[in-house]
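K.L.:
Sequential numbering of the sequence shown, starting at 11, is according to this note's numbering.
Where a beta carbon is used, it is the ideal one built from N, C-alpha and C, also for glycine.
It should be emphasised that the depicted structure is a prediction, and the values quoted were computed from it without experimental measurement.
Sending over a structure as structure tokens; questions will come in a sec.
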Amino acid sequence: MTLEKLYELYLKLADKFGLPKEKTLSGLEYIKKRKGEEGYSNDLEILEEIIGKSYVGQ
Numbered sequence: 011m012t013l014e015k016l017y018e019l020y021l022k023l024a025d026k027f028g029l030p031k032e033k034t035l036s037g038l039e040y041i042k043k044r045k046g047e048e049g050y051s052n053d054l055e056i057l058e059e060i061i062g063k064s065y066v067g068q
């Protein structure tokens, strides 16, 4: 999946789960870091890491 498509999917999930704006923005930064800068390719794992952190931090 492209970085842009992963952003789109994440934004849909963030909206569906009602994540606060600051957590949504930090998730986008995390995606940029993991997939864009580090080149990590497991999109599902990236999303699981973000969603998991969002719920642990609430």
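Please state the DSSP three-state secondary structure of Thr34.
P.N.:
Thr34: helix per DSSP, three-state reduction.
K.L.:
Can you tell me whether DSSP reads Glu48 as helix, strand or coil?
P.N.:
coil
K.L.:
Does DSSP put Gly62 in a helix, a strand or coil?
P.N.:
Annotated three-state conformation of Gly62 is helix, per DSSP.
K.L.:
Taking the alpha helix (DSSP H) that Lys22 belongs to, which residues open and close that run?
P.N.:
13-27
K.L.:
Take Tyr40 and list the residues in its own chain whose beta-carbon comes closer than 6 Å to its own, dropping the five residues that flank it on each side.
P.N.:
Ile60
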